[in-house]
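Residue numbers (my numbering): 4 to 191.
Scroll down for the structure; my scribbles are underneath it.
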């Protein structure tokens, strides 16, 4: 391996890249610690080693700069460049790495087991039921809506309308029979 003279602690040392790495391993780790909230430490160590490699290759002893200061600037620059590159493409999601919550939504776009025919038929029945409900007298409409949709009892309705509960039951039965007869004749 190629050895290079570097200024380290005001001494000139003749070190190879491997020796430099072992000497600055803890220094690299401390540089990476600032970025661990965003990236994995192993990835950061690789990036910082690339920075150390670039610093080692471009270091010039004649400029009289200590190597760790020069390496610090190069490593920080390398980490920042990586962050810029990663954040630029952070919003791009690979199709095989969909978030688990969105995966099922995405899958359902392609695999749709919904029977649109049944939904259409159900909508037709609902429209017809609504139309027949509007054809009833206002009292019959109120009875059907209050009993079937608002879950009021016949006794409560009888008190509201000042009639006997038996009358409410009879009128409710007649109104339901009218709607049922209209629905049967329509869909036969």
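Cβ coordinates follow ideal geometry from the N, Cα and C atoms, glycine included.
query: How is residue 40 classed by DSSP in three states: helix, strand or coil?
result: coil
| task | For the beta strand (DSSP E) containing residue 88, list its first residue and its last residue. | result | Per DSSP, residue 88 belongs to no beta strand (DSSP E); it is in the alpha helix (DSSP H), 70 to 91.
**Q.** Test item: CB-CB of residue 41 and residue 81 under 8 angstroms
**A.** no
In whole angstroms, give me the CA-to-CA distance for residue 178 and residue 157. 14 angstroms
Apply the 10 Å Cβ neighbour rule to residue 152 and answer buried if 16 or more other Cβ atoms are within range, or exposed otherwise. exposed
Exercise for the section: For residue 133, count neighbouring Cβ atoms within 10 angstroms of its own Cβ and tell me buried if that reaches 16, exposed if not. Expected result: exposed
* Asked: Would you report the Cα separation of residue 13 and residue 87, rounded to the nearest angstrom?
  -> 34 angstroms
Check: Excluding sequence positions up to five away, which residues of its chain have a Cβ less than 8 angstroms from the Cβ of residue 79?
Finding: 34 and 54
### Query
Applying the criterion that 16 or more other CB atoms from any shown protein chain within 10 Å of the CB defines a buried residue, is residue 50 buried or exposed?
buried
Subject >> Proximal residues to residue 73 (C-beta, below 7 angstroms), its chain only, five neighbours per side dropped >> reply: 58 and 62
Among 167, 136 and 23, the one whose alpha carbon lies nearest that of residue 70: 23
Original post:
Looking only at its own chain, which residues have a Cβ that is under 6 angstroms from the Cβ of residue 47, when we skip the five neighbours before and after it?
Top reply: 35 and 38
- Message: Please report the distance separating the alpha-carbon of residue 128 from that of residue 169.
- Response: 30 angstroms
*Report the three-state DSSP secondary structure of residue 60 (helix, strand or coil).*
helix
Please report the distance separating the alpha-carbon of residue 43 from that of residue 32. 12 angstroms
In angstroms, rounded to a whole number, what distance separates the CA positions of residue 7 and residue 29?
21 angstroms
Practice problem: May I ask you to list the residues that DSSP assigns as paired with residue 151? | Solution: Residue 151 is not bridged to any residue.
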